[in-house]
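Only one structure is covered here, and it is reproduced in the block below.
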Amino acid sequence: MIQETCKEFTSGLNQQQQEAVQYNSGPLMILAGAGSGKTRTLVSKVSYLLDSLKMSPFKLLALTFSNKAAREMRERVALTCGVPQGALQVTTFHSFCSRVLRHEADYLGLSKNFSIYDQGESMAIVKTIMGRYGISPKEISPYEILYYIEDLKNKGHYLGKTTSEIDETDPFYGYYTDYEQELHKANAFDFGGLITGTLNLFEKNTSIREAYQRRYEYIMVDEYQDTNRAQFLLLLLLLGEKRNLCVVGDEDQSIYSWRGADIGNILDFEKVFPEVRVLRLEQNYRSSKNIIEAASAVIARNIMRKGKELWTENPIGDSVQVCECGSERDEANFVSEEISSLIQNGESANDMAIFYRANSQSRVIEDALRERKINYRVVGGIKFYDRKEVKDVLSYLRLIVNPKDALSLARVINVPARGLGATSLKKLEKIAVDENCSLWEALVAVVERKDNYAHIRLSAKVYSSLNFFIGLISELRSLSDAGESPFKIFERVIYDSGYWDSLRAAKDYESMARLENIEELGSAIKQNESSSENASLLNFLETIALDNTQIGNEEEEMKPLSQVSLMTVHGSKGLEFPFVFIVGAEENVFPSYKSLEGGETGIEEERRLFYVAMTRAMKKLYLCFARARMLFGQLRFNGPSRFLNEIPSKYYSWKFYKTERFEDNSSDDYSQLDPYSSQESYIIKSSHKQSSSKFKKGEKVNHAVYGAGKVVETDGYGVDEKVLIVFSNGCKKRFLVKFAPLCSLS
DNA sequence: ACACTGTGAGTTTTT
DNA sequence: CTCACAGTGT
13 MIQETCKEFT SGLNQQQQEA VQYNSGPLMI LAGAGSGKTR TLVSKVSYLL
63 DSLKMSPFKL LALTFSNKAA REMRERVALT CGVPQGALQV TTFHSFCSRV
113 LRHEADYLGL SKNFSIYDQG ESMAIVKTIM GRYGISPKEI SPYEILYYIE
163 DLKNKGHYLG KTTSEIDETD PFYGYYTDYE QELHKANAFD FGGLITGTLN
213 LFEKNTSIRE AYQRRYEYIM VDEYQDTNRA QFLLLLLLLG EKRNLCVVGD
263 EDQSIYSWRG ADIGNILDFE KVFPEVRVLR LEQNYRSSKN IIEAASAVIA
313 RNIMRKGKEL WTENPIGDSV QVCECGSERD EANFVSEEIS SLIQNGESAN
363 DMAIFYRANS QSRVIEDALR ERKINYRVVG GIKFYDRKEV KDVLSYLRLI
413 VNPKDALSLA RVINVPARGL GATSLKKLEK IAVDENCSLW EALVAVVERK
463 DNYAHIRLSA KVYSSLNFFI GLISELRSLS DAGESPFKIF ERVIYDSGYW
513 DSLRAAKDYE SMARLENIEE LGSAIKQNES SSENASLLNF LETIALDNTQ
563 IGNEEEEMKP LSQVSLMTVH GSKGLEFPFV FIVGAEENVF PSYKSLEGGE
613 TGIEEERRLF YVAMTRAMKK LYLCFARARM LFGQLRFNGP SRFLNEIPSK
663 YYSWKFYKTE RFEDNSSDDY SQLDPYSSQE SYIIKSSHKQ SSSKFKKGEK
713 VNHAVYGAGK VVETDGYGVD EKVLIVFSNG CKKRFLVKFA PLCSLS
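Each number in my numbering comes from the position in the first sequence (counting from 1) with 12 added on.
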């Protein structure tokens, strides 16, 4: 009988997948290769736990990094197992933590209506703090400070944590404490703070921690390769003494280490859980044999991996097509010509995708596609909720919900313009700092005790604007508190603030588009009202803060268009297409020049990225590069990507494509090469020429004027050779080697 | 408050 | 080259 039931959940699964479903007696790590049926296996496992092992859905927690993965799993679980709505928790780390924190808000001295700040808002805080110290962004890059802060949080640090790992004498540490104070004053968390705040709660408050530990009997983590240290520590705290943990990931697809993802979470899993069972899902169901073997050969070069051998029963399929193009425009032409003929042969544009390393590469391709009237869509790009007008309205709503939200207040106090500019705002901010109160309280104080603030010398116009603004927000706040619907509040915001009318009055094309976007935001609010059981404004704001998914553009969805998809390689993770074009497979482009600074670690991540891109392809994979490319206003001859060199020649065929006659490139010997000569020798030759420069990356040098420094970037050869040098004082300078008084110290 | 100009930097962006 | 942003001028 039990056997029968088991069969039901494992039917159609291969040996390893079945084992992954049925092994539930201790920590389990599933290393799931690309296209190995991971989600299917996970969903079967959930079914198995619920139905065969009779585990209560309330005791199961499934965490992922992205909403996309959470949604996918949630939908498929709901479909497969008839679990009561909302019983099973399948959610993102951030959403989970946010819920915990709202529930336990008192503990951290915050109220449950806290705001969640995105990176742009975090950056604004850093800049404000720097401004307070009178430090210009030129002296210290605010981005570096923010990066420092995020890094601390990614590693699981929070103020008050007892640890020896943090160097509190670091000059940036002071910014961190100021920044945290600022967030606290604004009753706000940043993304990292949601995780570390929960860590703080669980580490310091035993009874709350134990309550959560008791609640969850089994924890699953998807996209495990994308988790950071803080999230790992959180998992340990949620588990407690229990060992019922299943993590699923693929170290070869870890492409977000620069955002804090810690590949060590996979590589060191066995150190923390010595009794762990490691299972590998290595059979690929997605791609042709040629593609799988080519991709495997590339990723095999990585050292930092546990190691997997992907294999497939799929047919060999077409050779991978490497296409050497004359220029980036030739490349774009080749891709669109090829797509054009595929479509002509009855293939659907929906089945085709073009991947590039950097967004800037999309333009020339878009031009070529448009020229041939091929429909396409650029995936990613500008997010709906990142638009100025949407952020403005959301800031109003946030300020209504959270009076302490100084950032939102500052954003909208003069939107639409009411003569309360930067100067007046600075004065008000100073009062808030001096009196250690929130910005909102400062506003109220200035208006209510006008006489005390005569020395601030605010104009009558400013006073009337302040009165208006305080009245507006106060009224809407009390309406909201009285339970008025979010949509009504939204309408009152756009009408009463004058925002709607000011956009209407503008009458230009841009303002019209903004009005439409605001309308769309309104319908999103309405939709949230009807679909969510907890339809509060707070709930809506949290949803969109943590889920950036583009809201449906109705016009786009109406058209049953067949479109080619364009996206960055990062954006392609988790997707699959029968026909995949990877463009810009060149040194300095893919791998990106920036990643080359990071040494072997940087290259390995680029290689994983390349591997992710390759393994998206089901039927046919095209790898394109340009001999000459306009980059930063200069014609560059980068040479084919080293990753092409890592593909054994038996898996690809090579083609040369050139329609344009392009500028003479006498500084380069590569166009002289016979494109039809043996590919191996071609590539070797090109890598040869890369070492023909005087200085190398990482080389220590001395400059007669600036002193000792290190080469971080090189470009060009011979008389054109240029180097970027970072000097010991942190100053960066670019030189033409021919002229600069440089000598090597190495 | 706005428009213009010069400067500098220029991957990737799940939350 | 091309964009964003800071600083200047009106």
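All residues carry an ideal CB built from backbone N, CA and C; glycine is no exception.
Residue i classed as buried or exposed, judged by whether at least 16 other C-beta atoms fall within 10 angstroms
i      : result
Glu340 : buried
Ile304 : buried
Ala720 : exposed
Asp274 : buried
Val284 : exposed
His467 : exposed
Arg619 : buried
Arg516 : exposed
Tyr623 : buried
Ser360 : exposed
Phe649 : buried
Glu598 : buried
As assigned by DSSP and simplified to three states, the class of residue i
i      : result
Gln295 : strand
Gln30  : helix
Gln646 : strand
Ile366 : strand
Cys636 : strand
Thr140 : helix
Phe674 : The pLDDT assigned to Phe674 is 49, lower than 50, so where the model puts this residue is not dependable, and the model offers no usable value.
Lys712 : strand
Glu618 : helix
Ile695 : Its pLDDT being 32, under 50, Ile695 is placed unreliably by the model, and the measurement read from it follows with that caveat. If DSSP states are grouped into helix, strand and coil, Ile695 belongs with the helices.
Ala517 : helix
Arg641 : strand
Leu558 : helix
Arg430 : coil
Thr324 : strand
Residue(s) in a DSSP beta bridge with residue i
i      : result
Gly261 : Leu43
Lys173 : Answer is none; Lys173 lacks a bridge partner.
Thr580 : Tyr368
Cys335 : Cys636, Lys667
Lys473 : For Lys473, which the question treats as bridged, DSSP gives no partner whatsoever.
Gly593 : Here the sequence assigns Phe to residue 593, which means Gly is not the residue at that position. Phe593 pairs with Ile366, Tyr634.
Leu75  : Thr103, Val233
Ala200 : Ser127
Arg317 : Looking at the DSSP assignment, Arg317 forms no beta bridge with any residue, so it has no partner.
Pro652 : Glu598
Val89  : According to DSSP, Val89 bridges with nothing at all.
Residues near residue i in its chain [Cβ-Cβ closer than 8 Å; skip 5 each side]
i      : result
Val459 : Tyr475, Leu478, Asn479, Ile482
Glu509 : The sequence shown places Ser at residue 509, not Glu. The answer, listed in chain order, is Tyr408, Val424, Val427, Pro428, Leu484.
Val505 : Val405, Tyr408, Leu409, Ile412, Leu488, Tyr511
Pro154 : Met135, Val138, Lys139, Met142
Leu213 : Val112, Leu113, Glu116, Tyr119, Leu120, Ile220, Arg221
Cβ-based neighbour list, residue i, same chain, cut-off 7 Å, excluding 5 preceding and 5 following
i      : result
Ala547 : Pro498, Asn540, Glu541
Asn26  : Gln295
Lys473 : Gly431
Lys670 : Cys337, Gly338, Asp342
Gln575 : Ala361, Asn362, Asn387, Tyr388, Arg389
Val391 : Ser577, Leu578, Met579, Gly583
Val33  : Phe21, Thr22, Leu25, Thr53, Ser56, Lys57, Tyr60
Check whether residue i and residue j have beta carbons under 8 Å apart
i      : j      : result
Thr104 : Ser78  : yes
Ile231 : Leu246 : no
Gly132 : Lys165 : no
Phe126 : Asn199 : yes
Ile501 : Ser492 : yes
Thr580 : Asn357 : no
Leu635 : Val332 : yes
Phe201 : Ile147 : no
Gly329 : Ser308 : no
Contact test: residue i Cβ vs the ligand ATP heavy atom, cutoff 7 Å
i      : result
Asp182 : The ligand ATP is not part of this structure, which contains no ligands at all.
Residues near residue i in its chain [Cβ-Cβ closer than 6 Å; skip 5 each side]
i      : result
Phe244 : Asn277
Glu503 : none
Ala81  : Asp234, Glu235
Glu616 : Asn314, Met316
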